[in-house]
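Each residue of the sequence shown is one higher than the last, beginning at 902 in my numbering. In this text, a Cβ means the ideal position worked out from N, Cα and C, and glycines have one as well. Note sheet for the following structure.
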Amino acid sequence: MASPIFGAGFYYKTFMWPASFWEKLYEPMIRRAAGLGYPSKEPDPDTYEKMNAFCDVLVIGAGAAGLSAALAAARAGARVILCDEDFALGGRLLAERGEIDGQSTQDWAQSAIAELESLPNCRILRRTTVFGVYDGGIYAAVERVGDHLRVPEPHTPRQRLWRIVAKQSVLCAGAFERPIVFGDNDRPGVMLAGAVRTYVNRFGVTPGRSAVIFADNHDALRTATDLADAGVAVRAIVDPRPQRSAAAEQVASAAGALYVNGIIDGVSGAHGIKSVRVKDAQGATTAVPCDLLAVSGGWNPALNLTTHLGGKPRGTKPYHASSPVAFPQACASPVRRRANSLCKPVWEAGRRRVPDPQRKADSLPRRPAVPRLPKTVGRPRPSGMSKAEAARRSSIFRTMLPPPT
902 MASPIFGAGF
912 YYKTFMWPAS
922 FWEKLYEPMI
932 RRAAGLGYPS
942 KEPDPDTYEK
952 MNAFCDVLVI
962 GAGAAGLSAA
972 LAAARAGARV
982 ILCDEDFALG
992 GRLLAERGEI
1002 DGQSTQDWAQ
1012 SAIAELESLP
1022 NCRILRRTTV
1032 FGVYDGGIYA
1042 AVERVGDHLR
1052 VPEPHTPRQR
1062 LWRIVAKQSV
1072 LCAGAFERPI
1082 VFGDNDRPGV
1092 MLAGAVRTYV
1102 NRFGVTPGRS
1112 AVIFADNHDA
1122 LRTATDLADA
1132 GVAVRAIVDP
1142 RPQRSAAAEQ
1152 VASAAGALYV
1162 NGIIDGVSGA
1172 HGIKSVRVKD
1182 AQGATTAVPC
1192 DLLAVSGGWN
1202 PALNLTTHLG
1212 GKPRGTKPYH
1222 ASSPVAFPQA
1232 CASPVRRRAN
1242 SLCKPVWEAG
1252 RRRVPDPQRK
1262 ADSLPRRPAV
1272 PRLPKTVGRP
1282 RPSGMSKAEA
1292 ARRSSIFRTM
1302 LPPPT
């Protein structure tokens, strides 16, 4: 009832005048309404650790590309550190039904993980997020050691901060699925198509009983197939692209679903979806009953770390996403300028994950090629920096240190 009065951002206009009311009336009222709490005066009961690690190759992400890169480097005798933010390695392989080298994606991932764990020159850090890239091939990562434990063992740290010095790095951080914006797209039951596949294939849970797929790419067709195989009734596949897709029509026919060239004009249902309004290319609207709407607007590669030291992403037309072009020096060997040779194969392998439904539906990329390691390795320093410049920076840093006690 009060929504016409309390519109978005109403407080920016309401609390501007008179200015004398701010400290006496507006601020105390806002603080009470926001429910601001009080910080604890007790010391933090948890403990934390700091660790240093050195490696030849740091692999960030443990999906298909990350496991392949770690295997190739470890088999070559390099010291490898493999980091992944999940507790289970495998990335999207855990949520897909496909084959790699004649094995299911899950079986291939488990065999790769078992081999990496058996190699003495490979360290695997689960529940570890690499969040920073710095000069000299230095990476910062946080490992969540005890956050998931209800009762941690004595002297178990809650988190561990890693300072990793790597001569080379391979970024295999995966991609983020884009949503599609439409009216009431925040209702319970509206999910990303990739998340739906994760529920079905990784956790064995069907998020609904009847579903509609709304996507502008072929990757979401996997969701329709997996839902149908799991016993979920797929009511419709809605494709906003102007040209009809033979692959989408084929998947819709196999799932017993309606194929529509159009958009989702809105949904109905307060506490959950009851139906969606499908508007076709001619403007006709049809209500399709369902309790699950899986949407996908494509995928954006996770390029965060490539921008930390000046890397510039650039839009790529065929995939309507940004791809790394100018890589930061820390993505390269500190002693050899090999940023492009290291990072580009991973992006290429990642974008080839988008399947062609007219080919084998479960096809996934083969193991990406990993460049050979340099035969001679020097002391790490930013690629392109002269020894004189490195010494100058080091002397400046030493002058900033407190005198020894």
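- Scanning its chain for C-beta atoms nearer than 6 angstroms, with the 5 sequence neighbours on each side dropped, one finds around residue 1156 the residues 1125, 1129 and 1135, in chain order.
- In the structure shown, the three-state DSSP call for residue 949 is strand.
- Minimum Cα-Cα distance from residue 1041 among the listed residues 1017, 984 and 1014 corresponds to 984.
- Sequence-distant Cβ neighbours of residue 933 in its own chain, meaning closer than 7 angstroms and more than five residues away, do not exist here.
- The Cβ-Cβ distance between residue 1176 and residue 1189 falls below 9 angstroms.
- Residue pairing from DSSP places residue 1197 in a beta bridge opposite 1116.
- At a Cβ-Cβ threshold of 9 angstroms, residue 965 and residue 1001 count as neighbours.
- For the options 1141, 1005, 1058 and 987, the alpha carbon positioned closest to that of residue 1182 is the one of 1141.
- By the CB criterion at 9 angstroms, residue 1178 and residue 1170 fall outside the cutoff.
- Here residue 1076 really is in contact with residue 1203; their C-beta atoms are around 6 angstroms apart, less than 8 angstroms.
- If you draw a straight line from the Cα of residue 973 to the Cα of residue 1211, it comes to about 28 angstroms.
- In this structure, residue 950 sits away from residue 1064, with a CB-CB distance that is not shorter than 9 angstroms.
- Between the alpha carbons of residue 1086 and residue 915 lies a distance of about 29 angstroms.
- In the three-state DSSP reduction, residue 975 falls in the helix class (H, G or I).
- Rounded to the nearest angstrom, the Cβ distance from residue 1017 to residue 1006 is 16 angstroms, too far for a contact under 8 angstroms.
- If you look at residue 1078, you'll find it in the beta strand (DSSP E) that goes 1076-1078.
- Annotation for residue 1097: the continuous alpha helix (DSSP H) segment containing it runs 1094-1098.
- Exposed is the label assigned to residue 1105, since fewer than 16 other Cβ atoms lie within 10 Å of its Cβ.
- Contact between the stretch 1027-1046 and the stretch 920-933 is not established, with fewer than three Cβ pairs separated by less than 8 angstroms.
- Taking the CA atoms as reference points, residue 1145 sits about 7 angstroms from residue 1162.
- Residue pairing by DSSP puts residue 1035 in a beta bridge opposite 1039.
- Annotation: the continuous alpha helix (DSSP H) that includes residue 1152 extends over 1147-1156.
- When C-alpha distances from residue 1186 are compared across 963, 1165 and 1174, the shortest belongs to 1165.
- A straight-line Cα-Cα distance of about 7 angstroms links residue 956 and residue 1068.
- Each residue's CA atom was taken as its position, placing residue 1207 and residue 1019 some 31 angstroms apart.
- DSSP, reduced to helix, strand and coil, places residue 1057 outside both helices and strands of the structure shown, so it counts as coil.
- DSSP places residue 942 in the coil class of the three-state scheme, outside both helix and strand.
- With a contact defined as Cβ atoms closer than 8 angstroms, residue 1055 and residue 1046 miss out at about 13 angstroms.
- Within the same chain, and ignoring the five residues on either side of residue 1172 in sequence, the residues whose Cβ sits closer than 7 angstroms to its Cβ are 1089.
- Residue 991 and residue 948 have their C-alpha atoms some 30 angstroms from each other.
- DSSP places residue 1123 in no beta strand (DSSP E) but in the uninterrupted alpha helix (DSSP H) bounded by 1122-1130.
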